[in-house]
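Scroll down for the structure; my scribbles are underneath it.
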Amino acid sequence: MGYRLALSFFLLVFFLFLQSQDGKGLPDFFTAYKKAEKLYNTPKPTGKTDSLAFIAYKKTIEILEKSGSSDSILFDCYNKAGIICMSAKKDSLALYYFQRSISLQHQSATIADSLLFLPYIFAGNSYYKLLNSDSAFNYYKQAENIIQHYPLLNEAERLYNKMGVLYFETGDYKKSVLYFSKALSMVSANPDENSDFIINYKNNIASALRKLQQYDEAISIYKSLLAFKVNTNEIYHNIGVAYLDAGNYTEAIHYLKLVKYINAAKLNDIGRAYYKMNDYDSAKYFLNLALTKNPLTKASIKNLDYGITLKYLGDLASSKNQPAEAIQLYQQSIIQLATDFNDADINRNPVSFNGIKQYIFLFDALLAKARALKSGSAHPGENMLKQSLAAYNSAIELVAHIEKLYDSDESRLFLKQNADSAYHECAALGLQLYTITTDKNYLYTVFNLIENSKASVLQADLRDLELNKIHGLPSQLIQQQKNIKSEIAQLYIKETQPGEHQAKIRDLEIQLSQIQDKLNENPKYHDLKFSKKLLSIPEIQDNLLGKDAAIVSYYYSGNQLICFYITKEDFGYVASERDSLLTQNILQLRKALNYSVNSDRETIHKLAVYLYGKFLQPLMARINNKKHLTIIPYNEIGYIPFEMLVDPGKEETVLNRFAIRYDYSANFLSNIQPANAAYKVLAMAPFAIKYSNQEFPPLPFSRDEVKDLEGRILMDRMATKDSFLKSLPNYPILHLATHAFANDAVPMQSYIAFYDASRQHDPQHRLYEQEIYTLPLSDVRLVILSACETANGQLVNGEGIMSLSRAFSYAGCKSVIASLWKADDAATAYISKHMHKYLAKGEPKDIALQKAKIDYLEDPEIEGRFKTASYWSHLILIGNEQPVTQSSNYILILFACILFIAFMAIVYKKKAVHK
Numbered sequence: 003m004g005y006r007l008a009l010s011f012f013l014l015v016f017f018l019f020l021q022s023q024d025g026k027g028l029p030d031f032f033t034a035y036k037k038a039e040k041l042y043n044t045p046k047p048t049g050k051t052d053s054l055a056f057i058a059y060k061k062t063i064e065i066l067e068k069s070g071s072s073d074s075i076l077f078d079c080y081n082k083a084g085i086i087c088m089s090a091k092k093d094s095l096a097l098y099y100f101q102r103s104i105s106l107q108h109q110s111a112t113i114a115d116s117l118l119f120l121p122y123i124f125a126g127n128s129y130y131k132l133l134n135s136d137s138a139f140n141y142y143k144q145a146e147n148i149i150q151h152y153p154l155l156n157e158a159e160r161l162y163n164k165m166g167v168l169y170f171e172t173g174d175y176k177k178s179v180l181y182f183s184k185a186l187s188m189v190s191a192n193p194d195e196n197s198d199f200i201i202n203y204k205n206n207i208a209s210a211l212r213k214l215q216q217y218d219e220a221i222s223i224y225k226s227l228l229a230f231k232v233n234t235n236e237i238y239h240n241i242g243v244a245y246l247d248a249g250n251y252t253e254a255i256h257y258l259k260l261v262k263y264i265n266a267a268k269l270n271d272i273g274r275a276y277y278k279m280n281d282y283d284s285a286k287y288f289l290n291l292a293l294t295k296n297p298l299t300k301a302s303i304k305n306l307d308y309g310i311t312l313k314y315l316g317d318l319a320s321s322k323n324q325p326a327e328a329i330q331l332y333q334q335s336i337i338q339l340a341t342d343f344n345d346a347d348i349n350r351n352p353v354s355f356n357g358i359k360q361y362i363f364l365f366d367a368l369l370a371k372a373r374a375l376k377s378g379s380a381h382p383g384e385n386m387l388k389q390s391l392a393a394y395n396s397a398i399e400l401v402a403h404i405e406k407l408y409d410s411d412e413s414r415l416f417l418k419q420n421a422d423s424a425y426h427e428c429a430a431l432g433l434q435l436y437t438i439t440t441d442k443n444y445l446y447t448v449f450n451l452i453e454n455s456k457a458s459v460l461q462a463d464l465r466d467l468e469l470n471k472i473h474g475l476p477s478q479l480i481q482q483q484k485n486i487k488s489e490i491a492q493l494y495i496k497e498t499q500p501g502e503h504q505a506k507i508r509d510l511e512i513q514l515s516q517i518q519d520k521l522n523e524n525p526k527y528h529d530l531k532f533s534k535k536l537l538s539i540p541e542i543q544d545n546l547l548g549k550d551a552a553i554v555s556y557y558y559s560g561n562q563l564i565c566f567y568i569t570k571e572d573f574g575y576v577a578s579e580r581d582s583l584l585t586q587n588i589l590q591l592r593k594a595l596n597y598s599v600n601s602d603r604e605t606i607h608k609l610a611v612y613l614y615g616k617f618l619q620p621l622m623a624r625i626n627n628k629k630h631l632t633i634i635p636y637n638e639i640g641y642i643p644f645e646m647l648v649d650p651g652k653e654e655t656v657l658n659r660f661a662i663r664y665d666y667s668a669n670f671l672s673n674i675q676p677a678n679a680a681y682k683v684l685a686m687a688p689f690a691i692k693y694s695n696q697e698f699p700p701l702p703f704s705r706d707e708v709k710d711l712e713g714r715i716l717m718d719r720m721a722t723k724d725s726f727l728k729s730l731p732n733y734p735i736l737h738l739a740t741h742a743f744a745n746d747a748v749p750m751q752s753y754i755a756f757y758d759a760s761r762q763h764d765p766q767h768r769l770y771e772q773e774i775y776t777l778p779l780s781d782v783r784l785v786i787l788s789a790c791e792t793a794n795g796q797l798v799n800g801e802g803i804m805s806l807s808r809a810f811s812y813a814g815c816k817s818v819i820a821s822l823w824k825a826d827d828a829a830t831a832y833i834s835k836h837m838h839k840y841l842a843k844g845e846p847k848d849i850a851l852q853k854a855k856i857d858y859l860e861d862p863e864i865e866g867r868f869k870t871a872s873y874w875s876h877l878i879l880i881g882n883e884q885p886v887t888q889s890s891n892y893i894l895i896l897f898a899c900i901l902f903i904a905f906m907a908i909v910y911k912k913k914a915v916h917k
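Next up, the structure:
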C-alpha cells in the first residue's frame, strides 16, 4: 500500500473542511469517514482492514453524493476507495472510482487541478492492468500535463517510469530510455531513501538498451545491480535474456538456471535458447512445461507469455518440416498477441493494431506464419502463396502502424532495420505470384511496397514538415517545436565530452515528445498523419511523367536485382541475377572515383561497362527513346553516378543519352511548380583565398565559380555561418562553394565549413548535419553543394545514404545538387558556373547539369587527363528537375503576345471610330 503515504495530505483537507462547516449533518458522514481513515492508515494493513476501510469509504461516498456537499472529502474518498480496489486487483472497480474523482474535480470550483495528478496515474495503472494500453497512455499524458505546471509534485518519478514502460512495450526503446533516465534522475539525489526505485529504474534502462541491441552495456548494468541483493532472480533472468539475444546461448542457459522462480517467461527463454542450439528435444520439453504455466480461464483474456510459447512451438514444428502444424500454432499465437483478433482461420490476419503490447512478438509470429505458408510444401499452390502474401502484408501493416507512432528518427530507423527482411520476402513473393498469374495488380502492389519502404524515415519527416503547415495548428506550439529541435542540435554540437549535455538533451527530447502528442490531438493533423499513401501508376504516368521521361527504381530481392521502369506508355520490371560481384564492383568503383589523381582509367572504364550491363542494358529497349531519366537507387547503388556508366556497343557514356536526376523514392515525385520570375542566388565561398592559420586548404577556383551570379555573393571573411543563416530565407537558390566533411561512422559529425574569424578551428563555424535538419528551406527551390562529399555518408539498409544533401531534403528543399566524393576544385567550379548559365536561361535542372558536364568534356582547353569520370561525374541532382526560373524565350514570347494584343486593340479601336 505504498500509495497511502502519497495521499496522506488529504487528511489536512478534511480538517480544513471541518473548520469551514456549521456542524449541520456532520455525524452523518464523519463517523464513517473517520473509521475509514483509521483503517486505511493502519501500519500493517491486511485484506480484512482494506475490506472494512472500503465499506466505510463507500458509506461516506453515498452520504456525500446525496448531500451534494463536501467536494474535497468526496474526492479523497473516491481516490482511496480506488486504491483499495486496485490493491485487491479489482481494476475495473478501481477505475470507476478514479474516474469519479476526476469527473468531480472537473465540476468543482474548490478542488485544485494539481490534485488530479495521482488519480490520473492510478487510472492509467488500472487501464494498463486491464490490457488497455491506449487508455493508460492517455491518462499518463494527462498526468504529465499536470507535472508541466506543477513540477514539484510527489510521485512524478513513478509517472516517468510508467510512461517508459509503455514506450518500451510499443517498441519505442529510444524514448523509453529517455523516460526511465528521467525517473532515475529524480530519485538519485537521495540514494539511501530511494534504493529500491534506483534499482528498478536502472533495471528498466538496461532492458531498453538490450532491446536496442546494446548488449554489453545492458549486461554491465544488470551485473552491477546484483551487488544490491534485491530482486536477484529477476536480474539473473534479464542477464540470461541479454546473453540469449546476443547469441551467447551457453551463458544464457547458465544465468536462466540461476533463477529460482519457475514461470512461463523463464521457461520460454530456456526453450528458445535450446532451440537456437538445435537441441530440439530440450526445447520442446521446456516449452511444453511453459504451457502448463499458462492456464486460460476465458477465451477473451489475452496472455502474452502463452502467445510466445505457441510461437516458439510453431518454430519447432517448422524446423521438423511440419508446416501444417506450425501454421496452426502460429495462428493461435497471433490470437494471443493481437488485441482485437480472435479468428482461428489461417486465411485471416489482424487488420487493427491498437493497444498491442510488445509488437515485435506479433510481428515475428505473422512473419513466421507467412514463411510457413510459403514453404508449406515442395511446390506450394497459388492459394497458399496468396495466404502467405496476406500474412506478410499484415506484418508490414503492423510496422507501418508502429512507425507512425514514433517521432524519433532513431526509433524509426531501428524499427525499419528489424523489419527489413519482411519487405524483401514480401516483394519476392508478390513477383512470384505475378509470374504465375500475370495479374498486374501484384506488380502494382510490389512497387508500392518497395517505394513505401525506401527512405521511409525521410518520408515520415517530410510528412511531419507538411503537417505542421495545417491551418489551425497553434503557431506557438509549432514555433516551440522548432526552437527545441534547434536547441537540441546546438547541444549535440557543443558536447565535447561524452554525456556532457545528456540530461539537458533528454529533458528537451521529452518536451519535444509532449509537443508532438499535443499536435496529434488535432483531428485533421491526426487523420493526415495516419492516412495511407498508395502510389497510382496511372497517376504517375498521366500527371508526373512527360513523353520524353522515364523512371527506373532498383531493389534487391534475394539473389535478384529488380529494376522497375515507368514511362508514359509502359510499366513493368526486369530481373537479373545479383551475383557476388555486384556489391564488390560498386564499392570498388566508388573507391577508384574517390582518388581522381591516382585513379586507374582502365579499371574505372571496365567497372563502368560492367555496371551499365547490370543496371541499364536490360532496360534500354524500353527507355531508349527518352531524354530525362529518374533513378531511384537502393542501398549502395546510391554511391554510383549513372552518367559515367559506359555503353560498350557505342563506347559512349550515359551522360550523352540522358539527363539524369536521382530521388529517394517514387513517393517524392511531385507535380510541376511555377518557376520563379527572378534568378536570385545566395552564394558562399569562404576559402577563395589563403589566409594564416587556415584549417582547410584554399579553393581558389570557387571565386570564379560564384562571382558573376545574380544575388548576394559572400566570399572569404564575409562568408560566415551566421551570414548564411540570416540570408537564406530570402533566396530561392543557395550555392555553397566550400569544404565539407562526411562522417560515415557518426553522421551527426558531418558538416559544411564556413569562414572562421577566430582562426582557432572553432566548431561553431561549421554547419552540422543536425543543424541543417532545422533550417527553414520549404521555399528554397535549389541548393547547390559544390563542397566535397555532400552526397556521401553512412549507408543505412533500406533507408539510403545519410548524407548532408539528405539533410537539406529533410529541411524541405525539393532539389539538391551535391558531390559524391572529394572532387577537383577547378572541374567543380567549371561545371557549376556553366550549370548556372543554363539554369538562368530557364533550363530544367537535369538538363542544365547535363549540358554543363558536356561543355566540360568538349572544351578543347581542358587536358584529356582531367576528363576522366572522377573529375566530372561527382555532381548529381537529387530531387525534382523543374526549372527554377522562366526561360528568356518564354519571357520574349509573352512580351510579344502582349504587344500583339495591344496592337490588335488599337486597330479595333480605330475601326470603331471610322464607323
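Numbering follows this note's numbering, in which position 574 of the sequence shown is assigned residue number 576; successive positions increment by one, without gaps.
Glycine residues also receive a C-beta, built at the ideal position from the N, C-alpha and C atoms.
Near residue i, which residues of its chain fall below 6 Å by C-beta distance, leaving aside the five closest residues on each side in sequence?
| i | result |
| --- | --- |
| THR2 | Since the first and last residues shown for the chain are 3 and 917, residue 2 lies out of range. |
| GLY309 | SER335, GLN338 and LEU339 |
| LEU445 | TYR436 |
| ALA254 | GLY242, TYR245, LEU246 and ALA275 |
| TYR291 | Per the sequence shown, residue 291 should be read as Leu rather than Tyr. Only LEU269 meet the Cβ criterion. |
| SER320 | ALA328 and ALA374 |
Quick one: what's got a C-beta closer than 8 Å to residue i's C-beta in the same chain, skipping five residues either side?
| i | result |
| --- | --- |
| LEU896 | With a pLDDT of 49 at LEU896, under the threshold of 50, the modelled position of this residue cannot be trusted, and the question is left open. |
| SER477 | none |
| ILE517 | LEU479, GLN482, GLN483 and ILE486 |
Give a yes or no on whether the C-beta atoms belonging to residue i and residue j are separated by under 8 Å.
| i | j | result |
| --- | --- | --- |
| LEU76 | LEU118 | no |
| ILE642 | LEU613 | yes |
| SER578 | GLN590 | no |
| PHE756 | LEU769 | yes |
| PHE617 | PHE644 | yes |
| LEU877 | SER821 | yes |
| ILE113 | SER74 | yes |
| ALA739 | LEU701 | yes |
| ILE662 | LEU631 | yes |
| GLU511 | LEU180 | yes |
| GLN772 | ALA429 | no |
| ALA871 | ILE606 | yes |
Once you ignore the five residues that flank residue i on each side, which residues in its own chain have a CB closer than 7 Å to its CB?
| i | result |
| --- | --- |
| LYS91 | none |
| PHE810 | ILE774, LEU779, VAL785 and VAL818 |
| ALA55 | ALA38, LEU41, TYR42 and ILE86 |
Applying the criterion that 16 or more other CB atoms from any shown protein chain within 10 Å of the CB defines a buried residue, is residue i buried or exposed?
| i | result |
| --- | --- |
| GLN483 | buried |
| VAL353 | exposed |
| GLY173 | buried |
| THR655 | buried |
Locate the alpha helix (DSSP H) running through residue i, then write down its first and last residues.
| i | result |
| --- | --- |
| TYR567 | From DSSP, TYR567 is part of no alpha helix (DSSP H) but of the beta strand (DSSP E) over 562-569. |
| LEU431 | 411-439 |
Indicate the three-state DSSP secondary structure (helix, strand or coil) for residue i in the structure shown.
| i | result |
| --- | --- |
| SER377 | coil |
| LEU493 | helix |
| LEU896 | Reliability of the predicted coordinates at LEU896 is poor, the pLDDT of 49 falling under 50, and the value obtained from them is presented with this limitation in mind. Here LEU896 sits in helix by DSSP. |
| MET686 | strand |
| GLU157 | coil |
| SER559 | strand |
| SER128 | helix |
| LEU784 | strand |
| PHE573 | strand |
| TYR446 | helix |
Would you mind reading off the limits of the beta strand (DSSP E) that contains residue i?
| i | result |
| --- | --- |
| GLY814 | No beta strand (DSSP E) contains GLY814, which DSSP labels as neither H nor E. |
| GLY651 | Neither: GLY651 is in no beta strand (DSSP E) and is coded neither H nor E. |
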